[in-house]
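Step one of this worksheet: look at the structure below.
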Amino acid sequence: MAMVWLQRMMTKGRGNLVSTVAIPHSRFFSKPNPYVVKVGIPEFLNGIGKGVESHVAKLESEIGDFNSLLVTRTLKLKKLGVPCKHRKLILKFAHKYRLGLWRPRAESIKA
919 MAMVWLQRMM TKGRGNLVST VAIPHSRFFS KPNPYVVKVG IPEFLNGIGK
969 GVESHVAKLE SEIGDFNSLL VTRTLKLKKL GVPCKHRKLI LKFAHKYRLG
1019 LWRPRAESIK A
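To get the working numbering, take the position in the sequence shown, counting from 1, and add 918.
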């Protein structure tokens, strides 16, 4: 189906497909980067939102740096007194961050 459409486009205008499609270059680079460049524990928890940011002081004092938070297990978070729902959110977003699927935004968006 796609091949038939491509052939019709090529024979209809007698030109290549690239010349018929205009790509606006300025649109792709005009916006600043909406993500935080340096990510630490406070930026990470604020990016998650949903009340998790209330544990910033506790996690910074007990865990230390951000890389340690990324590999922290649920039992350690439980011993620090983090509620179950917040533990699940922290672990879910830490996994997404490690895979490169999620980053905290520079400014938090309030819904």
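Here a beta-carbon is modelled for each residue, glycine too, at the ideal position from N, C-alpha and C.
* Out of curiosity, what's the CA-to-CA distance linking W1020 and I981? -> 21 Å
* R1021 in three-state terms, based on DSSP -> coil
* Buried or exposed: P952, going by 16 or more other Cβ atoms within 10 Å of its Cβ? -> exposed
* Asked: What residue from N985, K1006, K996 and F1011 has the CA that sits closest to G958's CA?
  -> Here the closest residue by C-alpha is N985.
* Would you kindly report the start and end of the unbroken alpha helix (DSSP H) that includes I966? => I959 to I966
* Based on the DSSP output, what are the partners of Y953 in its beta bridges? -> R1023
* To do: Under 7 Å Cβ to Cβ from F1011, same chain only, skipping five residues before and after it: list those, please.
  => I966 and W1020
* Distance, K996 Cα to K968 Cα -> 18 Å
* Mind reading off the beta-carbon distance from H973 to L988? Whole number of angstroms is fine, and I expect it under 8 Å. => Incorrect: roughly 15 Å between the Cβ atoms, too far for contact.
* Asked: Rounded to a whole number of angstroms, what is the C-alpha to C-alpha distance between A1024 and A975?
  -> 20 Å
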